[in-house]
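Taking the numbering used here, I'd label the letters of the sequence shown as residues 579 to 733.
Every residue, glycine too, gets a C-beta built ideally from N, C-alpha and C.
Note that the coordinates shown come from a computational prediction; the quantities given were computed from them, not determined experimentally.
In what follows, a single structure is set out as structure tokens and then discussed.
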Amino acid sequence: MRSHYKVVVLGAKQCGKTSILDQVINGSKRKFNTNYEPTIEDIFGAVVETDRQTKEKIYFFDFSGMSAPLNIDAIKTYLSYADAFVLIYAINDKNSYLILDHIKKAIDRHKDRDKRDMPIVTIGTKVDRFREREVDFDESQGWAQREKTRLFEVT
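Next comes the structure, spelled out in structure tokens:
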């Protein structure tokens, strides 16, 4: 078993990528910062104890938000070292969901044979803003099933 894993986190601008990582890594429950400062690139590290009682190091690579048209060279670079992807969209931003579809298709197009079974998780954020929902849960769940990713919606 390897001692570390690299997880690349991708999504549109302002969909909550860094906030999710802050919650996962730091257990932060604080109110989200309303002063938006775009991420250029950050790496978060965490040590996780597995169900096999071993400790694994996970590095989360948080990149700047993507927009259409996608930077395919960037996606190829991420694929070269990623062990897994977390794809994030905001449920109150249909555009972030549409960009996510482009990201997933680009990942699939450029995956090497040895990465065919690479885990990909999809997270819909901002569930607390359900009154502003632009992405229907059934639609995103159907997409996740077709694309063979696990879907979670979170606040």
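Simplified DSSP state of residue i, which is helix, strand or coil
i    : result
D629 : coil
A722 : helix
L648 : coil
E717 : helix
K635 : strand
R728 : strand
T733 : coil
K704 : coil
Contact check, residue i vs residue j, beta carbons under 8 Å
i    : j    : result
T703 : I598 : yes
F622 : F638 : yes
I698 : T727 : yes
V519 : I636 : What is shown of the chain runs 579 to 733, which leaves residue 519 out entirely.
V602 : Y667 : no
I681 : L648 : yes
G643 : G594 : no
S581 : E634 : yes
I653 : A684 : yes
Residue i to residue j span [Cα, whole Å]
i    : j    : result
V626 : L729 : 21 Å
R709 : N670 : 8 Å
G646 : R711 : Checking the sequence shown, residue 646 turns out to be Ala, not Gly. Each residue's alpha carbon lies about 21 Å from the other.
How do the segment 717-727 and the segment 674-692 stand: do at least 3 beta-carbon pairs fall below 8 Å, yes or no? Taking a cut-off of 8 Å on C-beta distances, the segment 717-727 touches the segment 674-692, as three or more cross pairs fall below it.
Quick one: which unbroken alpha helix (DSSP H) runs of 4-plus residues sit fully inside the segment 652-695? Chain order, please. Taking only runs of at least 4 residues, the alpha helix (DSSP H) segments lying wholly in the segment 652-695 are 672-688.
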